[in-house]
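A.B. asks: One structure coming up, written as structure tokens, with questions to follow.
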Amino acid sequence: MPDFGDFDARGYRTVDVRSGYAEWLPTYEATVAELMDIPLLEVLTSVPWASMSRAADLGCGTGRTGAWLRRRGVAVIDGVDLTPEMLAIAGERDVYRQLVEGDVAATGLDDASYDLVTVCLVDEHLAELPPLYREAWRLAKGGARLVLVGFHPHMIMASGMPTHFRSASGEQVAIETHVHLL
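For the sequence shown, our numbering assigns the number 182 to the last residue and increments by one with no breaks.
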């Protein structure tokens, strides 16, 4: 797998995922473009959203995807995220049955309990994808759907730009990013 450092054209200070999202939180909702994930979910016609009764939202962050799922009729949604500060915002949306602070590759959620597993804007932060896929498989009921929305590797490689934000001091800060070629 290529290393993001081979493509980094920005040279921003890089922080780990948990501390990066905690620091970004004050401006996260205002700076994350809705064009990054939600419109992709909206045009995904192969998923019968309203017939999904239980969803696991892995890497739920502030709950943007969970709120979207609830508006589409998903009744029970459990969220998992590494960052407690993001989970606090997700909890304010009042769409999750439970929120779990933890690793998306080892959630602690029940086996074979979900007919939908979503992973939005998360995979670029994982050094390895197989543990995530194994966990999604473990969580899924027979016939479940896995919906993964992430950055195409070309976007990261061609732009040389990691996931990043402007800190309170005005500094551009990168969050640990990985390039995955499938």
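For glycine and all other residues, C-beta sits at the position ideal for the given N, C-alpha and C. Since this is a predicted model, take the numbers as computed values, not measurements.
Could you have a look at VAL74 and say whether DSSP puts it in helix, strand or coil?
C.D. replies: Residue numbering aside, residue 74 sits at position 74 when the sequence shown is read from its first letter. DSSP places VAL74 in coil when its eight states are reduced to three.
A.B. asks: Three or more beta-carbon pairs under 8 Å between the segment 37-44 and the segment 92-106, yes or no?
C.D. replies: In short, these stretches do not touch, since the Cβ pair count stays below three.
A.B. asks: Quick one: complete beta strand (DSSP E) runs, 3+ long, within the segment 94-119?
C.D. replies: If we require 3 residues or more, the beta strand (DSSP E) runs fully inside the segment 94-119 come out as 98-101.
A.B. asks: Would you kindly report the start and end of the unbroken alpha helix (DSSP H) that includes THR14?
C.D. replies: For this step, residue 14 is matched to residue 14 along the sequence shown. Element bounds for THR14: not the alpha helix (DSSP H) but the beta strand (DSSP E), 13-15.
A.B. asks: So who's on the other strand from ARG145, going by DSSP bridges?
C.D. replies: As a working note, residue 145 is residue 145 in the sequence shown. For ARG145, which the question treats as bridged, DSSP gives the partners LEU116.
A.B. asks: Quick check: the Cα distance between ARG145 and ALA127, rounded to an integer number of angstroms?
C.D. replies: On the sequence shown, position 145 is the one that residue 145 refers to. On the sequence shown, position 127 is the one that residue 127 refers to. Each residue's Cα considered, the two are about 23 Å apart.
A.B. asks: Any contact between the segment 76-92 and the segment 160-174? By contact I mean 3 or more CB pairs, one from each, below 8 Å.
C.D. replies: Touching, no, given that fewer than three Cβ pairs across the two stretches are closer than 8 Å.
A.B. asks: How many angstroms separate the CA atom of LEU139 from the CA atom of THR27?
C.D. replies: Looking up residue 139 in the sequence shown gives position 139. Looking up residue 27 in the sequence shown gives position 27. Distance between the alpha carbons of LEU139 and THR27: 32 Å.
A.B. asks: Three-state secondary structure (DSSP) at ALA168?
C.D. replies: The count along the sequence shown starts at 1 and reaches residue 168 at position 168. Coil, per DSSP.
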